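S.K.: Here you go, one structure.
Residue numbers (the working numbering), protein chains in the order written: chain H, 51 to 165; chain R, -18 to 93.
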């Protein structure tokens, strides 16, 4: 399971409140990712990180920010939660294989409900 | 050019049959093509992957067939079992931008 944990696993919050989701890995991987998964949309990339303090936007980054102050932790923040951000959020790491490649391994997910 | 198109959206197969899921891509710069399996309430799990320098890769009952000229790849599940019922995602990767591009997923149901 690549040693990935996510917290919290479930959260209900009110519209307009800030929310921070945490992804923690134990294997020192350089690349980390945040996705959201919604019915009919599959997995959509929110933000990713390619090193400490190095992050970039994915296809659905509006309303989200991230931080990575140490290798093992990648935080996703919803500055002011909206109902459209109700979703299941997955963190992933990328394991570098010999010869390159993009094997990603996922955490268990966080189910976020914004009321 | 970044899209990966996956079909069908859903699939019902009898136990013991062959399940086939197809994906197509446009960007010839992609150089790694994984398939993921996801059970309800769980994160996607890497199932099998292929590089474009081979036309087929087999792991147990799971086979990826890759057609570089047609820019298509497919997942075949032989002797499909009820335990294979899950959502399957194809993806494509280009090393230079660190990202996987995902298909929309196929919900597979294996009928006993």
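Even glycine gets a Cβ: it sits at the ideal position worked out from N, Cα and C.
As the structure is a prediction and not an experimental result, all values here were calculated from the model.
Okay, do the segment 122 to 131 of chain H and the segment 77 to 84 of chain H touch, 3+ Cβ pairs below 8 Å being the bar?
M.R.: These segments touch.
S.K.: Would you tell me roughly how many angstroms separate the C-alpha atoms of residue 45 of chain R and residue 74 of chain R, rounded to the nearest one?
M.R.: Going by the C-alpha atoms only, they are around 16 Å apart.
S.K.: Can you find a C-beta in chain R that's less than 8 Å from the C-beta of residue 101 of chain H?
M.R.: No, its Cβ sits nowhere closer than 8 Å to a Cβ of chain R.
S.K.: Are the segment 89 to 106 of chain H and the segment 0 to 14 of chain R in contact at 8 Å, needing three or more beta carbon pairs?
M.R.: Counting Cβ pairs under 8 Å, fewer than three are found: no touch.
S.K.: Taking 8 Å as the threshold (C-beta atoms), are residue 133 of chain H and residue 65 of chain H in contact?
M.R.: The answer is yes: Cβ separation under 8 Å.
S.K.: On the premise that residue 91 of chain R lies in contact with residue -4 of chain R, defined as a C-beta separation below 8 Å, what is that separation, rounded to the nearest angstrom?
M.R.: 6 Å between Cβ atoms; contact.
S.K.: Would the beta-carbon of residue 61 of chain R fall within 8 Å of that of residue -7 of chain R?
M.R.: No, Cβ-Cβ distance for residue 61 of chain R and residue -7 of chain R is not below 8 Å.
S.K.: Taking Cβ-Cβ distances below 7 Å as the criterion, which residues of the segment 117 to 141 of chain H are in contact with chain R?
M.R.: Listed by position along the chain: 140.
S.K.: Which value, in whole angstroms, describes the spacing of the CA atoms of residue 88 of chain R and residue 50 of chain R?
M.R.: Spanning the two alpha carbons is a distance of roughly 27 Å.
S.K.: Looking at the structure shown, is residue 53 of chain R part of a helix, part of a strand, or coil, going by DSSP?
M.R.: The answer is strand: DSSP assigns residue 53 of chain R an E or B state.
S.K.: Enumerate in chain order the residues of its own chain whose CB-to-CB distance from residue 99 of chain H is below 6 Å, with the five nearest sequence positions on each side excluded.
M.R.: Excluding positions up to five away in sequence, the list reads 82, 105, 118, 124.
S.K.: Could you give the distance in angstroms between the alpha-carbon of residue 160 of chain H and the alpha-carbon of residue 141 of chain H?
M.R.: C-alpha separation (whole angstroms): 9 Å.
S.K.: Identify the continuous beta strand (DSSP E) that holds residue 115 of chain H and give its terminal residues.
M.R.: 114 to 120 is the span of the beta strand (DSSP E), which, as asked, contains residue 115 of chain H.
S.K.: Residues of chain R with a CB under 9 Å from the CB of residue 53 of chain H: which are they?
M.R.: Those do not exist, as residue 53 of chain H stays about 13 Å from chain R at its closest Cβ, beyond 9 Å.
S.K.: In angstroms, rounded to a whole number, what distance separates the CA positions of residue 83 of chain R and residue -16 of chain R?
M.R.: Approximately 8 Å between the Cα atoms of the pair.
S.K.: Using 8 Å for Cβ pairs, my map puts residue 87 of chain H next to residue 138 of chain H. What's the rounded Cβ distance?
M.R.: Going by Cβ atoms, the distance from residue 87 of chain H to residue 138 of chain H rounds to 5 Å, so yes, they are a contact pair.
S.K.: Determine the burial state of residue 28 of chain R: buried for a count of at least 16 other Cβ atoms within 10 Å of its Cβ, exposed for fewer.
M.R.: By the neighbour-count rule (16 or more Cβ atoms within 10 Å), residue 28 of chain R is buried.
S.K.: Check the DSSP bridge columns for residue 96 of chain H and list the partner residues they point to.
M.R.: Residue 96 of chain H is not bridged to any residue.
S.K.: Any beta-carbon of chain H closer than 8 Å to the one on residue 10 of chain R?
M.R.: Output row for residue 10 of chain R: interface = no.
S.K.: Between the beta-carbon of residue 81 of chain R and the beta-carbon of residue 154 of chain H, is there less than 8 Å?
M.R.: For residue 81 of chain R and residue 154 of chain H, yes; Cβs fall inside 8 Å.
S.K.: Determine the chain R residues that contact residue 155 of chain H at a beta-carbon separation under 7 Å, and present them in chain order.
M.R.: Those are 27, listed as they occur along chain R.
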